[in-house]
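Okay, so here's the structure we're looking at.
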């Protein structure tokens, strides 16, 4: 009996996964629970196992393709068994280039893909093309894009030289453009997931960014003292990011409306602080989560941050370590950035950006001194958070960072 291998749903927010590598090829015999491929989301990499033993009769998607959850990705059976009833009809038409997500949507809505005009590379049909077709049937068929053009046997030629006015002393003839060497990079894999997520964030929220700074002379003195006192101790490994994270979880309980999710018709405020830490990896941006961060000490925050960052870098991060965030921290200060506009990790309602440390003039009595200030950029969803609330939060956080010696370490 032929059995489909289904792309599982890994987490509540995961809608599709990318096939990273097939461990088996068509025709290989596989055992039950044997790993047949690796897939990834924007959160983690995981393995898919064979549901039964048999021959891998058909692989339905190539490496690098983005596949909707609950979609068959392969078929296992025995030689000679028919698998036509398990292969979607639109998948059999290989002459029409179409993305997996668009194919899934077309099958779900009962749309014949041959009637859709693709706007992607080389005419590839994208999910938006299917949605456009559904919203205005027939409006994007090839014949109606330019009436009569699709059926015309006559070639269309355009002379660029006719479009450029002749000038005295210039050479007449065709115009040529030299752009130099170039490389086309398909937007796929985790880059496509990140692109989609960032676009959806801006498209589906009212984002506003506030900038402030905190005087951090005391904070830097504490950090330097810990480093000198015990070069091998846990405190000696504390980073600026750790210090801000710890100050953040001490400030946030006073601003419950910021530790929340905006869910269209309701706002959910959380007691626990699940702190997401943005991590730059060779695979792209990842945001592991320190769960119940409010219960941890400064040293524990530092240790957990280092562990999660390393897991992201070596690919061992688990899906549950990437889910459930209620507030995200992102740091570009090490690159010398003075301020930036962090993009919300929706459905979260705020994200805090950490900038570099700069000397700023401060008047003390009649004297002007230059003291180190750490820049802070807070982006919030204005649908859920008022500007005044965000400003009060930033002011309070800056106060705690300035008076760091008053915090219980």
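In UniProt numbering, the protein residues as written are 1 to 409. Glycine included, each C-beta is placed from N, C-alpha and C at the ideal position. Values in this document were obtained by computation on a predicted structure and should not be read as measured data.
Of all the options the options, which has the alpha carbon lying nearest to the alpha carbon of residue i?
i: residue 375; options: 346, 387, 341, 381; result: 341
i: residue 226; options: 217, 236, 359; result: 236
i: residue 390; options: 363, 409, 352, 405; result: 352
i: residue 298; options: 223, 331, 266; result: 223
i: residue 404; options: 266, 132, 220; result: 220
i: residue 57; options: 71, 65, 83, 37; result: 83
i: residue 27; options: 81, 133, 72; result: 81
i: residue 295; options: 192, 330, 233, 250; result: 250
i: residue 304; options: 291, 61, 380; result: 291
i: residue 322; options: 278, 392, 74; result: 278
i: residue 336; options: 349, 354, 319, 320; result: 354
i: residue 255; options: 214, 188, 266, 386; result: 386
i: residue 49; options: 61, 135, 36; result: 36
i: residue 293; options: 25, 315, 244; result: 244
i: residue 206; options: 350, 214, 65, 241; result: 350
i: residue 241; options: 401, 112, 23, 319; result: 401
Would you mind reading off the limits of the beta strand (DSSP E) that contains residue i?
i: residue 356; result: 350 to 364
i: residue 279; result: 279 to 281
i: residue 369; result: 367 to 381
i: residue 393; result: No beta strand (DSSP E) contains residue 393, which is instead part of the alpha helix (DSSP H) from 387 to 402.
i: residue 284; result: 284 to 286
Leaving out five residues before and five after residue i in sequence, what residues of the same chain have Cβ atoms less than 7 Å from its Cβ?
i: residue 40; result: 17, 18, 20, 190
i: residue 259; result: 252, 269, 270, 273, 326, 327
i: residue 141; result: Interpretation of residue 141 is limited by its pLDDT of 42, a score under 50 that renders its predicted location unreliable; the figure taken from the coordinates is listed afterwards. These residues qualify, in order along the chain: 115, 117.
i: residue 217; result: 371, 372
i: residue 72; result: 4, 5, 6, 60, 86
With respect to 7 Å, is the separation between the Cβ of residue i and the closest non-hydrogen atom of the ligand PLP below this value?
i: residue 19; result: Here there are no bound small molecules, and the ligand PLP is not part of this structure.
Need the endpoints of the alpha helix (DSSP H) that residue i sits in, please.
i: residue 100; result: 100 to 109
i: residue 241; result: 240 to 251
i: residue 314; result: 298 to 314
i: residue 82; result: Taken as a continuous stretch (DSSP letters only), residue 82 belongs to no alpha helix (DSSP H), as it is neither H nor E.
i: residue 131; result: 127 to 135
i: residue 190; result: 189 to 203
Quickly, what does DSSP pair residue i with across the bridge? List them, please.
i: residue 229; result: BP columns for residue 229 are empty, so no partner.
i: residue 68; result: 16
i: residue 29; result: 55
i: residue 214; result: 374
i: residue 269; result: 260
Can you give me the Cβ contacts of residue i inside the same chain, cut-off strictly under 8 Å, excluding the 5 residues immediately before and after it?
i: residue 347; result: 261, 262, 263
i: residue 55; result: 27, 28, 29, 30, 76, 77, 78, 79
i: residue 97; result: 118, 120, 122, 123, 124, 125
Does any residue of chain C have a CB that is nearer than 8 Å to the CB of residue i?
i: residue 398; result: Absence of chain C from the displayed structure is noted, only one protein chain being present.
Apart from the five residues just before and just after residue i, which ones in its own chain have a Cβ nearer than 6 Å to its Cβ?
i: residue 68; result: 16, 101, 104
i: residue 8; result: none
i: residue 280; result: none
i: residue 211; result: 339, 377
i: residue 309; result: 279
* To do: Could you tell me whether the stretch 256 to 273 touches the stretch 324 to 332, where touching means 3 or more Cβ pairs closer than 8 Å?
  => They touch, by the three-pair rule.
* Check whether the stretch 11 to 23 touches the stretch 286 to 294, counting contact only when three or more Cβ pairs, one atom from each stretch, lie closer than 8 Å. => Not touching, per the Cβ criterion.
* Segment contact, 8 Å Cβ cut-off, at least three pairs: the stretch 349 to 361 with the stretch 177 to 187 -> By the C-beta criterion, the stretch 349 to 361 is judged not to be in contact with the stretch 177 to 187, since fewer than 3 inter-stretch pairs fall below 8 Å.
* For the stretch 336 to 350 against the stretch 202 to 220, are there 3 or more C-beta pairs whose distance is under 8 Å? -> Per the Cβ contact rule, the stretch 336 to 350 is in contact with the stretch 202 to 220 (3 or more Cβ pairs under 8 Å).
* Asked: Contact between the stretch 112 to 119 and the stretch 42 to 54: three or more CB pairs below 8 Å?
  -> No, because fewer than three Cβ pairs between the stretch 112 to 119 and the stretch 42 to 54 fall closer than 8 Å, the two stretches do not touch.
* Examine the Cβ distances between the stretch 363 to 374 and the stretch 277 to 284 and report whether three or more of them are shorter than 8 Å. => Between the stretch 363 to 374 and the stretch 277 to 284, the count of Cβ pairs shorter than 8 Å is below three; the stretches do not touch.
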